[in-house]
Amino acid sequence: MNPFIKKNAVLHAENVALSDIAQSYSTPCYVYSKSALTNAYTNFSRGFIGCDHLVCFAVKANPSLAILNLFASLGAGFDIVSGGELARVLTAGGDPRKIVFSGVGKTEQEMEAALDADILCFNVESESELRRLNQVAEKMGKVAPISLRVNPNVDAKTHPYISTGLKNNKFGVAYEEALNIYSQAAAMKNIAIHGVDCHIGSQITELSPFLDAFDRVLALVDALAQRNIHIQHIDAGGGIGICYNGETPPAFDVFAKAMREKLGARKIKLIFEPGRALVGNAGLLLTKVEYLKHTETKNFAIVDAAMNDLMRPALYDAYHDIQPVQPRIGDSLVYEIVGPVCESGDFLGHDRELALEEGDLLAIMSAGAYGMSMASNYNTRPRAAEVMVDGDQCHLIRKREVIADLFSSEIVLPP
Ligand code: LLP
Numbered sequence: 081m082n083p084f085i086k087k088n089a090v091l092h093a094e095n096v097a098l099s100d101i102a103q104s105y106s107t108p109c110y111v112y113s114k115s116a117l118t119n120a121y122t123n124f125s126r127g128f129i130g131c132d133h134l135v136c137f138a139v140k141a142n143p144s145l146a147i148l149n150l151f152a153s154l155g156a157g158f159d160i161v162s163g164g165e166l167a168r169v170l171t172a173g174g175d176p177r178k179i180v181f182s183g184v185g186k187t188e189q190e191m192e193a194a195l196d197a198d199i200l201c202f203n204v205e206s207e208s209e210l211r212r213l214n215q216v217a218e219k220m221g222k223v224a225p226i227s228l229r230v231n232p233n234v235d236a237k238t239h240p241y242i243s244t245g246l247k248n249n250k251f252g253v254a255y256e257e258a259l260n261i262y263s264q265a266a267a268m269k270n271i272a273i274h275g276v277d278c279h280i281g282s283q284i285t286e287l288s289p290f291l292d293a294f295d296r297v298l299a300l301v302d303a304l305a306q307r308n309i310h311i312q313h314i315d316a317g318g319g320i321g322i323c324y325n326g327e328t329p330p331a332f333d334v335f336a337k338a339m340r341e342k343l344g345a346r347k348i349k350l351i352f353e354p355g356r357a358l359v360g361n362a363g364l365l366l367t368k369v370e371y372l373k374h375t376e377t378k379n380f381a382i383v384d385a386a387m388n389d390l391m392r393p394a395l396y397d398a399y400h401d402i403q404p405v406q407p408r409i410g411d412s413l414v415y416e417i418v419g420p421v422c423e424s425g426d427f428l429g430h431d432r433e434l435a436l437e438e439g440d441l442l443a444i445m446s447a448g449a450y451g452m453s454m455a456s457n458y459n460t461r462p463r464a465a466e467v468m469v470d471g472d473q474c475h476l477i478r479k480r481e482v483i484a485d486l487f488s489s490e491i492v493l494p495p
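According to the working numbering, numbering within the sequence shown proceeds without interruption in unit steps and concludes at 495.
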């Protein structure tokens with residue numbers, strides 16, 4: 081169910097009018113729906129009931145403590161890619177035994193922190209990393225649980241910047257080398273082989289790339305079993321897309337059914353690392369029109385959110401639906417929706433037909449994933465506030481940054 085619907089001609093988040101949220105917390109402001117977050121998680125995991133599984137929310141999609149805490153309370157695990165994300169998950173009450181650690185560049189300190197926390201598994205992405213992890217674990221008198229992230233070389237048919245499973249990507253180890261590296265791992269004293277891991281990309285809207293990758297992973301698991309290396313879990317990664325603009329990604333139950341069928345009778349736990357699919361459509365970015373500017377060729381609506389708040393349009397030419405909070409009756413124009421940042425690439429939407437006046441509120445939809453998590457302070461702009469709506473309650477989950485925060489750790493040198 082869409083948590084963002086119009087009631088009495090005003091766009092609401094659950095039962096709270098977005099105009100009231102703007103009044104209380106100002107703009108730009110990220111707004112999340114607690115029920116949409118909860119439903120996304122439960123709908124995703126429902127398909128795997130009866131099958132040993134763990135849904136590890138990919139923290140990078142939205143690392144807000146309140147959101148991590150909500151998922152932790154629902155039983156979620158977490159996919160992390162840094163010591164910072166590890167600390168966030170632990171602070172938010174996440175269970176370290178449900179954490180998988182992905183990423184191509186784990187430092188020794190990050191390995192130590194994760195070993196110290198006793199996480200579920202390291203998703204190892206290279207031979208060098210494996211050797212380093214073995215050394216770090218040895219130094220600490222620990223055994224590191226690992227999966228090897230294999231690169232199945234399938235085309236995820238998504239934006240090249242967010243495709244990760246092709247031969248020429250920096251991620252994982254080549255499929256052909258996996259058996260050899262697993263054999264090396266098996267001989268390492270401070271490494272315990274737990275799983276096989278794979279992640280082929282993000283915003284994937286077809287089922288077939290997932291199934292092709294899973295076939296390759298299962299073939300590897302079977303080949304490992306023949307070498308007496310028995311895998312306890314398969315981490316099938318994340319990547320299920322969402323609908324931004326008419327895309328039809330596979331429904332969670334269809335995805336689950338197809339994966340379970342492929343797994344067959346194998347007694348192996350399934351781990352998933354969804355990010356976007358759990359949070360993307362549960363959040364929006366609320367912004368105010370500061371100025372309308374009409375030039376010879378274009379109409380611009382200059383809003384108070386910018387590429388530093390939501391980078392996806394500028395970085396990937398990504399489409400986000402833009403809805404007026406209180407639609408006006410009157411003549412509409414075709415607008416470029418742009419921010420105040422000094423770059424021509426600072427846009428949130430092209431060619432949007434809207435009837436607007438200065439001071440109007442707009443909702444940039446589907447902004448719950450990779451919105452706030454990729455926000456920056458470019459142009460010395462404080463990052464937005466974040467609120468979570470729960471029925472008719474609205475809770476601030478992150479205060480708006482104040483300008484003094486932005487340079488509080490900087491040092492002016494003496495003359
Ligand atoms: N696991 C690994 C190892 C990943 O690299 C990623 C995303 C995920 C899980 C979660 O993928 P998801 O389910 O969210 O598709 N900033 C880009 C997306 C980058 C995704 C990077 N990796 C965007 O805004 O579209």
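All residues carry an ideal CB built from backbone N, CA and C; glycine is no exception.
- A straight line joining the alpha-carbon of I311 with that of Y262 spans about 11 Å.
- In the structure shown, M468 adopts extended strand secondary structure according to DSSP, grouped into three states.
- Separation of L259 and D295 (C-alpha to C-alpha, rounded to the nearest whole angstrom) is 16 Å.
- Unbroken alpha helix (DSSP H) runs of no fewer than 4 residues, entirely contained in the segment 369-402, are found at 392-396, following chain order.
- At a threshold of 7 Å, I320 counts as near the ligand LLP, since its beta carbon sits closer than that to one of the ligand's heavy atoms.
- The criterion of a C-beta distance shorter than 8 Å is satisfied by K479 and A465.
- In this structure, DSSP gives G174 a state outside helix and strand, which the three-state scheme calls coil.
- Shown here for V111: same chain residues with a beta carbon closer than 7 Å to its own, the five before and five after excluded, namely A93, L98, I101, G363, L364, L366, V467, V469 in chain order.
- When the five nearest sequence neighbours on each side are left out, the beta carbons in the same chain lying within less than 8 Å of the beta carbon of I226 are those of C201, F202, N203, V204, L210, L213, A265, I271, A272, I273, H274, G275, in order along the chain.
- Here the segment 342-352 makes contact with the segment 312-328; the two share three or more CB pairs at distances below 8 Å.
- Beyond the five residues adjoining it in sequence on each side, S456 comes within less than 7 Å, by CB distance, of N388 in the same chain, given in chain order.
- Taking a contact to require three or more Cβ pairs closer than 8 Å, the segment 150-166 and the segment 186-195 qualify as touching.
- Proximity of the beta carbon of R168 to the ligand LLP is not indicated: no heavy atom of the ligand is located closer than 7 Å.
- Rounded to the nearest angstrom, the gap between the Cα atoms of Q283 and P494 is 49 Å.
- In the three-state scheme derived from DSSP, where H, G and I count as helix and E and B as strand, A97 is classed as strand.
- The Cβ atoms of P462 and V135 lie no closer than 8 Å to each other.
- For K342, the closest of L298, I179, E490, V359 by C-alpha to C-alpha distance is L298.
- Secondary structure note for F124: its alpha helix (DSSP H) is the uninterrupted segment 114-126.
- Between the segment 141-159 and the segment 382-401 there are fewer than three C-beta pairs closer than 8 Å, too few to call the two in contact.
- For N203, the uninterrupted beta strand (DSSP E) run begins and ends at 201-204, by DSSP.
- For L287, no alpha helix (DSSP H) run applies, since DSSP gives it neither H nor E.
- Taking the C-beta atoms as reference points, V96 is found nearer than 8 Å to D472.
- For V216, the enclosing alpha helix (DSSP H) stretches over residues 207-220.
- In the three-state DSSP reduction, I320 falls in the strand class (E or B).
- Following the DSSP letters along the chain, one finds Y262 inside the alpha helix (DSSP H) bounded by residues 258-266.
- Y121 and S113 have their C-alpha atoms roughly 13 Å apart.
- Where Q406 is concerned, there is no enclosing beta strand (DSSP E), because DSSP gives it neither an H nor an E.
- For D198, same chain residues with a beta-carbon under 7 Å away, outside a window of 5 residues either side, are P176, R177 in chain order.
- In the three-state DSSP reduction, G157 falls in the strand class (E or B).
- Around G127, the same chain offers F332, D333, A336 as residues with beta carbons nearer than 6 Å, after the five sequence neighbours per side are excluded.
- By the beta-carbon neighbour count (other beta carbons within 10 angstroms, threshold 16), A381 is buried.
- With contacts defined by Cβ atoms closer than 8 Å, P289 and Y255 do not form a contacting pair.
- For V492, the number of other beta carbons within 10 angstroms of its own is below 16, and it is reported as exposed.
- If you check the C-beta of M452 against the ligand LLP, you find no heavy atom less than 7 Å away.
- Shown here, E433 sits in a strand according to DSSP, grouped into three states.
- Between G174 and E376, the alpha-carbon positions lie close to 54 Å from each other.
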